[in-house]
Structures are given as structure tokens and as C-alpha cells.
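Encoded as C-alpha cells, the structure appears first; notes follow it.
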Ligand SMILES: Cc1ncc(COP(=O)(O)O)c(C=O)c1O
Ligand SMILES: Cc1ncc(COP(=O)(O)O)c(C=O)c1O
């Protein structure tokens, strides 16, 4: 069974952390993943940096730019992940834009993911219908779960379609926005979380975008299975040592 | 009899000098006229400075600008000329553009000219037909001779017309040009001087534009009654004392 | 009373040809031939063809919705800003270059202030492969650098006028001097309805395409044959003359001429010739003219280099003296604000010259059914620098 | 083979809508409605009326006499430089603002490189009284100051894009981010035939007025229904798409696309996408794209800010891949010289983008009877600074 599906069965609210591979330093990737697991994070999204990350806000953009400057490439990332499964067993998801995957070769990319132990992919600019038509077979061949986003503007019909194509969880974007754009959740968002929850989809939802601390994590997970933190973690990395990652995770879990 | 007509009867080649009233210094007017007469000049053209002297080259333009800056006006000029006839008996001609005369009042202007002892006018931008139709009577009433220009491009027919309207001399522009524009006379110009001379007009011709020294004076007067020097004299004044005017005149006459 | 030129070259008491004898052959040649040449069908064909294919005529008559709403009247804009080179000036230069060709001239001179006429002249000279010399005041060269560059790119020689105030008036003097010195091969393309007869009439005729089109376009849009008012800014007066032309003799059409009051009519820094001028002679024409009591021509001032001229054409002097046209003057500030308003309401950045015409709506009121045509004489790209400074953009 | 978009939004293998889910409702709303809205007669009426009265269409098809003579073929210029705001860009923004109104949007965003599309967007927003935000790379803001001022005068807010290379690509990213963050009231007016389906098709349709007019005008002038060749520069590809549009399926019409080779195709400073690009995804579209072997989008370079884009529209990718169009690339220097030549021979200062199209005549020969239409996509006023520096004017 895929690690993501297994993890999702756990009965606590899941904390998932996004970071950009190769940031702050090229060789930090494995160490960050290790620290995250050691500090009780449930799932990790490894950002494959892209020159033009158009769904991302300034924080993730900057970290991507820096990572590329540091020398991060698809090949380098796979190299860094080669031994990761020796010590890490939480689900690992690669989050990245479609163009670098296309250049690597989609099947080649998926095959490589499988061989280093990646469990799933989040590709913001690969729409569900294109995936469904062209790539689903390949992803499945290599045991990769593809995760789709929904937003407050996504129609019920489309959510149903996405749910039908998905087989892990649905990435519920907290509000229509780029990463890191808004802070805190208001009534509108809470009603949206509740509305989706009431749809009783086959896939659980994990909330992303705008979660930065204990409070927003609690809000986001009231009606969902878990939440993903990205920009807030990148900001933390900017001014802290990797050895301090536990402090950040602790502050989210315990407030 | 008008002093111009009298002078023209003299049997030597006439030297006429133009200067800008009020240049180099506001109060130089009378002194310059006196010097010119004392050094044997036959006729003087007193330039009434104008802001936009469009038939003049840079030297006369600059002297006009300076004269205006010095405070020269039509009224000032007439004041300066008030006593001139006490000591000067060569012909005095005012050369100026039409607009200042128009503002002064053409009849008023002519009357004033008569009262200070001016003998004639040269008004480059008052065409012969306009003069003939509107102003000839007034000029004649105050005993003023109006002098017209002809150029190498002036048709024989028109020269005839100008000759008929004139009663002093014809100002023969050496080549179609603004004052001070060309130096030295070539074959083309000599043939033009000769051509006009052969027309046997009732009015003698005095050549102007481009005469700067003994040589050009001699050339210009081979087929004409005399010549007018303007820019060369203004340039001389720029770097010499009024008391040195005799040197300039001497150099023209004797080379 | 007629508002057109008479056979002697006068509009009422204004006009004529007060030129030095040296210019007589040139001006006379033009006077004797211009009507015949212009009437020639091969000339008209070539002229109309170039206006259409090269200049981009007809220019639209555009109903300015939001501006009309704001001022409670029907405002149409005659879009001369859409002409090639960006202003009405080219209508005239196209005509004159064809005239020069038919007169056998091989060298063109022109004066320019803001540089618009210089660019329009350089343009038609490039088009025809004829040598072009443009005189421009040294001060204007400095403050209108983009247009200087345009002229150079078009192959023209730009000669600085260093005499007098070193602006438009002096550039005109220099061009005239050049013409005096080159009496045989050179045609002088004057840029407005100024100068000795027949220039004002010839230029007005070339510009009259503007009112000709207005008539056809109003017919199409409003089913009327004439507007209630035509509004135009006046520097020398060519865009006004062009937009008034076919309405001159029809007094039911109100003509509104807008002059530049600079920093205020009586501030000493103004170019409001009708208010400040007296009859005089400038550049070969008897007309209204800003001058000292002594008859020296004074330096005008306006924030717009194209209105910065101490005279107006003789047609306009006559329109003023006879009361046929209503003259309004507008300060720098009023003009700049009106220019910015046109940007914000209609998405059109006007030349600052043109902006003056729009400034009248703040004080001059029209009724809701009045059809008011404003001649949008040029676009404001050349004036960005000035707009930026003025509004601190 | 068809060269138009198919029902799925593809040109051959290129196109589609590779967009984040956050954009789906917006893009889908547009996709579902654009054809119907554009086909609506009231839309067409308003669109055509504005093109005529406000933009100044039809733009002339001008026979370039001296240029034709020099290159021994019949060269016609489609004068998009005479459009209001100075380039073809406004054909599209007029169309899209009407589209936005019909979709009930109250806020407009746009990206711009050289500023031409930004100005054209700010213009139509002012015309309609709609809020306008333009994203522009910080570097472009500095080097295209006049256009920044124009946008501000027109009431637009210009937001610097500070990410990535701080040029057009990044401005586009920022605009897309804005759209993601404002999914309900905002319409994104893309400035070329790029972006997710249906943008390339919609923009091409708005620009197709160009080839529509060419057909009618060639009929009138040459009594033919199509040219032998159409030549256009390609940045994103909108002016090319517009001038090719009605000839796409008629292979007897040669289509020539001119790209910017910058300092040389292999100099590392180039924007010649067809020569250097591989299939990839940029701004929501699968197309030819300059990128590293790793799939990172590379920074293009061209002296002209409007060709400085690392991709081309999917239509052009298909035209290239299928061999339907001939792609030629031209260096900075070749383009600059061709621009200056057009000034000197025809009195027209072209945009530097446009100048690239004219540079082909030095090497690409045509026969004397060939009718070659060059799309003169824009005027060069915005580029004077660059011309001045390059030629030391
Ligand atoms: C756009 C524009 N409008 C008006 C004028 C004023 O000239 P005129 O009064 O001859 O139309 C100029 C002169 O440069 C101009 O460029
Ligand atoms: C005048 C002109 N031509 C061409 C272009 C290139 O765009 P496209 O390839 O979409 O026509 C631009 C872009 O700014 C432009 O301003």
C-alpha cells in the first residue's frame, strides 16, 4: 500500500511540510527531510524548484530562485534522494511544475521517483483532464499518487471529477491565492472547509496555503484531515539552523 | 534738391556705410555719423534695429540685438539725430524694417525723419507695390526718397517698374543673399552688374551685400555708381575705437 | 463679409506679402502657380492617394462619450492625432512636397518649434528622396530632443537657430534667410497659416481636408451637415484653419479659437496673441502680433512649444477683428489639467497644444444638444517629459 | 492539415491550458463564452465601431515605392503603426475590454514588456472607466520610462515585477498570480497569442482584422485576393497571427516569421525561439520555449523589449514545426539598420520590433512580381532612446 494512503488512515490531524529542495543550501535536502520526520511531521512535500513558479508567492519564488542558483536540478534532486528510504519512512511527495518533468521525460521522471521512494506528485500546472487523458497510466505504473488542488471557486461537479481521479488526498487551497498570500482564516473560509467536508468525498482533504502557526493549523484542520505549511517554514529556514527545525514543528503542534 | 540726388551726381564712385544705431554703445550714433563724414564717406545708412531682421546675416543681427539691449528705440534714435544737421551734410538714410515704422505711425515717422534731416529710407520688407499703392504719397510729402532693392533674380520687367517708382538710386544686391553672407565677387556677379548697367535705368545703382574691402569695393563699382558696406564695418566697430574709423575708410578707398 | 483670402492676398486688412525683394521671385512663382497646381487633377489624385495610404486619412470623427457626459454636451473629436507623424501638420507637408516637386525644386527647408512640423517635413522629404534642412531654435533643440532625433533618423539636417530668442520665431527667420540665399532650387515649407501670401491660403487649403471630412462624418453620424461649434487651438493657426475651412462663410457654425495664456494673459509670460497683440508685420504677413510699443516683436511664452508664436495667421487676425470667431485663452495649468482629463476619460493623450482646446469646457458652457467638434490636432507622446514633470508622474 | 486551433485548444501538438486549478474557473468561463460573445452582433457592432472611430481603422495598406525599388519586388506595408497608441496591440485590447464587460468584470490586469500592450490596455480601461493594473518588470520600467508615464497618465497602476529576471516573463507570472488571487471580478488581458487556451485563439481572432483588411485592400490596389508573402516579426506572435490569419489555410501564401536573434543566435543573447527552443510549457501553454536541458526557462535577449520573450504562441510553434511558415532570425544590428533604412526611404520610423521584419530583405530575395506584405506592427517613437544610442544621433 502506498505510504500516503497508509498515513491518511491515522487518526490524528496530519501535518505536512513543504520545502524547496536545494534551499537554503544545495545539500540540505536529505537533512531537512530527516529533521522533519524526526520531529513528528506526517508527510513532506519536496519542492522541485522552477524558474517561473506562477502559483507561488514571493517566499517560495525566492527560495526557488536561490535553490536554482545553488545548483539544484532534477538530476541532482534524484541523486540526493537516492538513499533517503534508508532512514525515512513518512510519505514523500514531489511538488513541482510540469515543464522540468516534461524535459526529463514524464515516464523517466516517474520511474526515477519510484526508484528513490517518492509516493506522489503535486503538479500545479498539470490540469486534471490532461493528466487523466495522457499521464494517469504512467503515474499508476510507477505507483505514484497524483494530488490535485481545489479552491473555493471549484464547482461541485469538478470536485466530484477530481475526487474520482484522485486516490490519496485532495489538496484544498484555503482561498484562491498564490502560496503565502493571505494570513488567517475568516468565516468565509471556514464555511468553505465545512462545505467540502460535507460533500463526503472518497478522498480526505488536506488544506494548504495560508497556514503559518498553531492557530491557523487548528482552524484549517477543523473540517479536514490535515494541513500543509510551506511559506512559513521557508521563512523559518531563512533565519534558523536546520537543527532548530524541531522548534518550528513544536510551535505548530503545541502553539 | 534732396541730398541723395545731389550726391549721386558727383563723378566719383560713392562709398556708403551702414551701421546699426545704438551699437556698439547707445550714444555712439551721432559720433559714428560724424566720423564717417569726416573721413570722406559719401552717404550713411543708419540702421534702426529690429528684433527680427530677416534680410540680415549674423553680424547685423547681432549688432541689432545689442543695440536694442542698449536701449535703442525709434524715439531714442530721433532724439539722437535732432542736432545732426548742424555738422553733417552728407545724405542720411534710415534703413529699417517696416514694423517699427508701422507702430510709430508711418506718417508720423516720415514727418520726424524730415524734421531731423533724413533724406531717404530703405525698408527691405516693404515691397514696391505696397509702397506704391499706400505710402508713396506720404513719403513724398515729407521729401523722403524710398530706395528699393533688386537682386540677380529680379526680372527685367520688375526692374523697370522699380526704376519707375524710384527717384534716387537702386540698391543692387550683389547676389541673392542676406547681408554679409558671401565674400568676393565672381564672374556671375560681374556679368549681372554689367547687365543692369546696360539697362540704362533712370536711377543709378549702388551695390550692397558682400563688400568688405578695397578689392570688392572696386569690383562692385566697376559697373555701378557706388557701393554700400555694412557687415564689414560693424565687425570693425566691434574691435576698434570710434576714433579709428578713418583707418577702416582709408583701407576701403586706398586698399 | 468674406473670411477667405481675396485676390490680393488679404483677409480683411490682414495678410499680404511683406517680403524682401530677394524673396520676390520665389513667392511670386508660388503665388502664380499654386492654385493651378492644386487644381490639377493629377496633383489632387496624388495628394489624396498619399493622404489615404500614407497619412492614414480619413482620420476618425470620434464621439467622446465620457467627456460629453461630463460636460453635458455632444463632443466629437477629430482625430488628427492618428495621422502619420502624430499631428495635423503632415496634411500640409504632403501637399507642399508635391507642390515643390511640380515647381521643380530639389531642396526643402523648413522651420520648426516643437519639432512636429520639422518631423512632418523630414518625413515627406524622405518619402520623396529630397534633401531637407530644418531650422530649429537652439533652445527648442534642447527641450524637444526626441523630435530632433526623429528628424535626423529621417535624414534631415537640423540647423540650430542661434539668433534672437533661439526659438520658433528665430528658426523662421533663419529659414527665410536660407531661402533668400538659395533662391532657385529651394522650396520653403512653412508649417502654419503664416508667412507671406500665398502661404496662409495654400496651407489652409491643404489643411481643409479636415473640415471636409468633418462634414461627411457628421452626415453619417448625426445626419447633419455641420456642427454647432468647431474648437481648435491656435499657434500659427493651421489646425484651426483646416477645421474651420468649410464653415468659414456659414455663420451658424460657431468657431472657437483657443490661445495659450501661458502663466496668465497679463503675467508677461503668455502667447495669447489676440488679447495682447496689435496689428503688425511678422514673417512677411500683416497680422496680429505681440510686440513692444516700439514695434519690436516680443517673446511669447507657453508650456507648449507649438503655441509659442508671437503672431497668428492673417486669417485668424481677421476672424478675431471681425468677431467671426470667439477667442478664448487658457493657462498652462488649465491646459495640462484638461490634457490629463482627456487621458483619464477617453484614453487619449493629447499634445499639450491640443490640450488647450479641451480646457475651455470648464468655463465655456454648451447646451446638451450642441454638437461641438474639437480638433484633436496631435498626440502627446512628444510631450511626455513635460507632463511627467508637471504632474510629478 | 489545419493551422487553426482545434476544439480542444490545440494547434497540432501545441497549445492547451496548463493552468493551476485556481485559474480554472476564470479560463473556463472565458473558454465557454468567448466564441459566442464574439459572434454576437452587438459585440461585433461595438467592436467594429471602436476600431473605426477610436482606433482609426482601417489602417492603410501602403505601397512602399522606394523600398520596393531598392529590393526589386512589390512591398506593401500594413500600417498598424497608425493605430491609436501606435501599434497593433490595441486591436486586441479593444476586443478584450468588450469581452471583459460582457463577462461582468470590473477590474483589468495585464502584463507588459516594452509597455505597448500596457499602454493599449490602460487606454481601453480609461475609455471604459475600468480599473487597470499593469505588471511590468522592474528592469523594463526603468528602460521604458515614457510608456510607464503614458500608463500612469491614463490612470493605470503600474506594478513592478521584482521576481526572476524582472522582465516580461516575470511580469506575466505576476499578472497570473494577481489573477489567481482575484478570481471573481478580474479579467486578465493577455497581450499576445500566448497563454492558456482560449487566449491564443481569442487574441488571434481580434488581430485577424489585419489580414481581413489586407484582402480587401489588395483587391482594390492590385486586383488580387491574396499576397504572395506576408512578413511579420514574432515576439509572442500576435501581429504575425493577425496578418496571417485569413491566409493560414491557403498554402499558396508564404508566411514569413521574423524572430530576434539578438547578438547572434548562438551568442547566448538571443530570443530566436524557433531556432533555440524546445517544446515546453510556459504561461499555461505547450509551445516552443527557450529553456535549459533541465526545463528551466531561460532569459531571452533582444534589443527590442517586445521580442524579448522566451516562447512563441502555440500557433507559431505549429507553423514552425509543420513547415507552414518560414522562420528567419535577425540580429539587433540588422534590425536597427533596417529600421533606419525605412526612415530614410519611406519616412516611417518603425518600432524596433517591427524593424526586424524589414531586415530580411537584405538576404531573402523575392521576384519582381511578388507581392510582399510586411506588417508594420508599430511606430518607433517609444524606441527613440535606443535608436539614438545605437546610431549616436
Ligand atoms: C499638435 C499641434 N497642434 C497645434 C499646433 C499649433 O500649430 P497651428 O496653430 O498651426 O495648428 C502644433 C504646432 O506644432 C502642434 O504640434
Ligand atoms: C510594435 C510591436 N510589434 C511587435 C511586438 C511583438 O508582439 P507580437 O509578436 O505579439 O506581435 C510588439 C510587442 O510589444 C510591439 O510593440
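Protein chains in written order, with the working numbering: chain S, 1 to 255; chain C, 1001 to 1255; chain H, 2001 to 2393; chain A, 3001 to 3393. Virtual Cβ for every residue (Gly too), placed ideally from N, Cα, C.
Spatial neighbours of residue i in its chain, beta-carbon cut-off 7 Å, leaving aside the 5 residues before and after
i	result
residue 3383 (chain A)	3351 and 3352
residue 3047 (chain A)	3094, 3095 and 3098
residue 2408 (chain H)	Coverage of chain H is limited to positions 2001 through 2393, which leaves residue 2408 (chain H) absent and any answer about it impossible.
residue 6 (chain S)	none
residue 3152 (chain A)	3158
CB-CB length for residue i against residue j, believed under 8 Å
i	j	result
residue 3271 (chain A)	residue 3320 (chain A)	Actually they do not touch by this definition, with Cβ atoms about 14 Å apart.
residue 1209 (chain C)	residue 1174 (chain C)	5 Å
residue 100 (chain S)	residue 3163 (chain A)	In fact, because the Cβ distance is near 18 Å, the residues do not count as touching under 8 Å.
residue 3210 (chain A)	residue 3375 (chain A)	7 Å
residue 143 (chain S)	residue 2 (chain S)	6 Å
residue 112 (chain S)	residue 78 (chain S)	5 Å
residue 125 (chain S)	residue 3020 (chain A)	6 Å
residue 2311 (chain H)	residue 2287 (chain H)	5 Å
residue 2244 (chain H)	residue 2372 (chain H)	Not confirmed; about 14 Å, so no contact.
residue 16 (chain S)	residue 45 (chain S)	6 Å
Own chain residues within Cβ distance below 8 Å of residue i, not counting five before or after
i	result
residue 971 (chain C)	As displayed, chain C neither begins before 1001 nor continues past 1255, which places residue 971 (chain C) out of reach and without an answer.
residue 2225 (chain H)	2215, 2218 and 2219
Residue i: contacting residues in chain B (beta-carbon distance under 8 Å)
i	result
residue 3265 (chain A)	Judged by its chain identifiers, the structure shown contains no chain B, and its protein chains are S, C, H and A.
Nonlocal neighbours in the same chain, by C-beta distance under 6 Å from residue i, ignoring five residues either side
i	result
residue 3131 (chain A)	3107
residue 2241 (chain H)	2193, 2204, 2207 and 2315
residue 3336 (chain A)	3390
residue 3141 (chain A)	3148 and 3160
residue 3124 (chain A)	3093, 3094 and 3097
residue 37 (chain S)	88 and 90
residue 1246 (chain C)	1039
residue 3342 (chain A)	3348, 3350 and 3358
In DSSP terms, what residue i is bridged to
i	result
residue 2187 (chain H)	H:2108
residue 3288 (chain A)	A:3279
residue 2144 (chain H)	Partner(s): none; residue 2144 (chain H) has no beta bridge.
residue 3259 (chain A)	A:3329
residue 146 (chain S)	S:121
residue 2157 (chain H)	H:2133
residue 47 (chain S)	S:20 and S:95
residue 1014 (chain C)	C:1226
residue 2063 (chain H)	H:2076
residue 5 (chain S)	According to DSSP, which records beta bridges pairwise, residue 5 (chain S) is partnered with nothing at all.
residue 1205 (chain C)	C:1170
residue 3374 (chain A)	A:3077 and A:3231
residue 2350 (chain H)	H:2379
Residue from the options whose Cα sits closest to the Cα of residue i
i	options	result
residue 1105 (chain C)	C:1124, C:1086 and C:1075	C:1075
residue 1171 (chain C)	C:1116, C:1213, C:1128 and C:1236	C:1128
residue 3179 (chain A)	A:3259, A:3284, A:3303 and A:3026	A:3026
residue 1201 (chain C)	C:1061, C:1052, C:1245 and C:1162	C:1162
residue 2109 (chain H)	H:2059, H:2118 and H:2061	H:2118
residue 2177 (chain H)	H:2133, H:2201, H:2059 and H:2298	H:2133
residue 3070 (chain A)	A:3368, A:3387 and A:3380	A:3368
residue 151 (chain S)	S:243, S:94, S:232 and S:55	S:55
residue 2195 (chain H)	H:2370, H:2379, H:2364 and H:2031	H:2031
residue 3269 (chain A)	A:3254, A:3053, A:3299 and A:3387	A:3299
residue 2253 (chain H)	H:2024, H:2324 and H:2181	H:2324
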